[in-house]
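Enquirer:
Numbering (the numbering used here), first residue to last: 2 to 402.
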C-alpha cells in the first residue's frame with residue numbers, strides 16, 4: 002500500500018514540475034466549443050445540456066491546471082524565471098484566453114438562470130482578465146526583446162498569442178457588456194476598443210513578420226505544424242468583437258436615444274447613427290473574416306502537405322488548432338445572425354462539427370497519452386536545465402542588450 006502511495010506522489014510530483022502553460026490550450030479549445038454549441042443557429046433538444054457539460058469540463062480543467070501551475074512555482078520558484086526566458090513563455094497567453102472562455106460561459110449559462118449576481122461576477126472576472134491580458138500583451142514581447150535571443154527561423158505563429166490575448170479579452174468584454182447596466186456597459190465597451198487597439202495592429206505586425214519567415218524558411222517543422230492555424234485566431238476574434246461591440250452600441254442608442262462617444266443628442270438621429278455604425282461593422286467584419294479564411298486554407302494545405310512527407314508527432318501542440326477554428330466559427334455565427342444569411346450560418350455549423358470531431362479526438366489522445374501513459378508532461382525549459390529544477394542563482398535572466 003505504501004509503495005502505491007509513493008508511486009502516486011512521485012507521478013503527481015513529476016506532472017506538477019513538468020506542467021507548462023501549453024496545457025491551457027485545452028481550456029481554450031474546450032471553452033470555445035461550449036460557446037459555439039450554446040449559440041449554434043440550429044438547435045436541437047439536448048444541445049444546450051451538452052454545451053453545459055462541456056462548460057463544466059472546461060471549468061474543472063482550468064481549475065486543475067491552474068492549481069498545478071501555482072504548485073509548480075510555489076514549490077520550485079526558480080522555474081518561473083526559467084520559463085519566462087524560454088520560448089514557451091508565449092503560452093502564458095493561453096491561460097488568459099482560457100479564462101476568457103469561462104467568463105463568456107458565465108454570461109451565457111449562469112446569468113440567465115441566476116440573475117445579476119453572476120453578471121457582477123462576470124464583470125469582476127473580466128477586469129481581472131483585462132489586467133492579465135495587458136500584462137501578457139506587453140510583458141511577453143518585452144521579455145522577448147530584452148531577455149531572449151531569437152533567430153528569424155525561430156519565429157512561429159505562436160508569437161501571436163500574447164497580442165491575441167487582448168483581442169480575445171475585448172470580445173469577452175463585448176459579451177459581458179450585454180448583461181450590464183448602461184453606464185457600466187459603456188465603460189466596458191470603451192475599454193474593449195482600447196484592447197482592440199493594443200491587439201489588432203500588433204497582430205498585423207507579427208503576421209507580416211511571420212509571413213516573411215514562411216517565405217524565407219518555409220513551412221514550420223512537423224512537431225509544431227499545428228501552429229499554422231494560430232493566425233486564424235486574431236481574425237476570427239476581431240471580426241466577432243467588432244460586430245458585438247457595434248451591436249452593443251446600437252442597443253444602447255435605441256434604449257437611451259444617445260450614441261456613446263458622440264455628441265448626438267436627438268433620439269431619432271442617435272438611432273440612425275447607431276444603425277449606420279452597425280451596418281458599417283458588417284463589411285469590415287467580413288473583410289477580416291475573409292482574411293481568416295485565407296489563413297485557414299493555408300493551414301490546412303500546410304498540415305496535409307507535411308503529413309504526406311513526414312510523420313506529424315502526436316503531442317499537446319495539436320490543441321493549437323482548436324481555438325482558432327472556433328473563433329472563425331464564432332464570427333461566422335455572429336455574421337449569420339447580423340446579416341440573416343443562411344449560408345453563413347451553415348458555414349458556422351460546418352466549422353462547429355469539424356471542431357467537435359477534432360475536440361473528441363484530442364480529448365481521447367490527451368487522456369491516454371497525458372493522464373494514463375504520462376507522455377505529454379514534458380517541460381522544454383526544464384529539459385534545457387538538465388531535467389531538474391535549478392537554484393534561483395543558476396537561472397540566467399540577464400539583458401541581451
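All C-beta atoms, glycine included, are put in the ideal place defined by N, C-alpha and C.
1. Counting pairs of beta carbons, one from the region 12-30 and one from the region 71-83, are three or more of them closer than 8 angstroms?
2. Would you kindly work out how many angstroms separate the C-alpha atoms of residue 328 and residue 102, rounded to a whole number?
3. Taking the beta carbon of residue 118 as the centre, do at least 16 other beta carbons fall within 10 Å, making it buried, or is it exposed?
4. Check whether the Cβ atoms of residue 332 and residue 244 sit closer than 9 angstroms, and answer yes or no.
5. Residue 172 and residue 110 - do their beta-carbons sit closer together than 9 angstroms?
6. Grab me the residues of residue 348's own chain with a C-beta within less than 6 angstroms of its C-beta, minus the 5 sequence neighbours each way, in chain order.
7. Between 97, 131 and 121, which lies nearest to residue 107 when the distance is taken from Cα to Cα?
8. With a cut-off of 8 angstroms on the beta carbons, I'd call residue 86 and residue 149 a contact; round off their distance for me.
9. Which residues in the same chain as residue 393 place their Cβ atom closer than 8 angstroms to its Cβ, once the five residues preceding and following it in sequence are excluded?
10. So, using beta-carbon positions, are residue 190 and residue 246 closer together than 9 angstroms?
11. For the putative contact between residue 1 and residue 254, defined by C-beta atoms under 8 angstroms, what is the C-beta separation to the nearest angstrom?
12. Between the beta-carbon of residue 89 and the beta-carbon of residue 381, is there less than 9 angstroms?
13. DSSP on residue 228, reduced to helix/strand/coil?
14. Determine the closest residue to residue 30 out of 95, 41, 47 and 45, with distance taken between C-alpha atoms.
15. Can you tell me whether residue 33 is buried or exposed, with buried defined as 16 or more other CB within 10 angstroms of its CB?
16. Tell me which residue opens and which closes the alpha helix (DSSP H) that residue 214 is part of.
Expert: Let's see:
1. Yes, since at least three Cβ pairs between the region 12-30 and the region 71-83 fall closer than 8 angstroms, the two stretches touch.
2. Each residue's alpha carbon lies about 11 angstroms from the other.
3. Classification of residue 118: exposed, given that the 10 Å Cβ count is below 16.
4. In this structure, the beta-carbon distance from residue 332 to residue 244 falls below 9 angstroms.
5. No; because the gap between Cβ atoms is not below 9 angstroms, this pair is not in contact.
6. Sequence-distant partners of residue 348 (beyond 5 residues in either direction) whose C-beta falls short of 6 angstroms from its own C-beta, in its chain, are 333.
7. With distances taken between Cα atoms, residue 107 lies closest to 121.
8. So it is a contact: roughly 6 angstroms between Cβ atoms.
9. Within the same chain, residue 393 has close Cβ partners 78, 79 and 82.
10. Yes, these two residues count as a Cβ contact at 9 angstroms.
11. With the chain covering 2 to 402 only, the question about residue 1 has no answer from this structure.
12. Yes. Within cutoff.
13. Residue 228 falls in the helix class under three-state DSSP.
14. Here the closest residue by C-alpha is 95.
15. Its Cβ being crowded by 16 or more others within 10 Å, residue 33 is buried.
16. Bounds of the alpha helix (DSSP H) holding residue 214 are 183-218.
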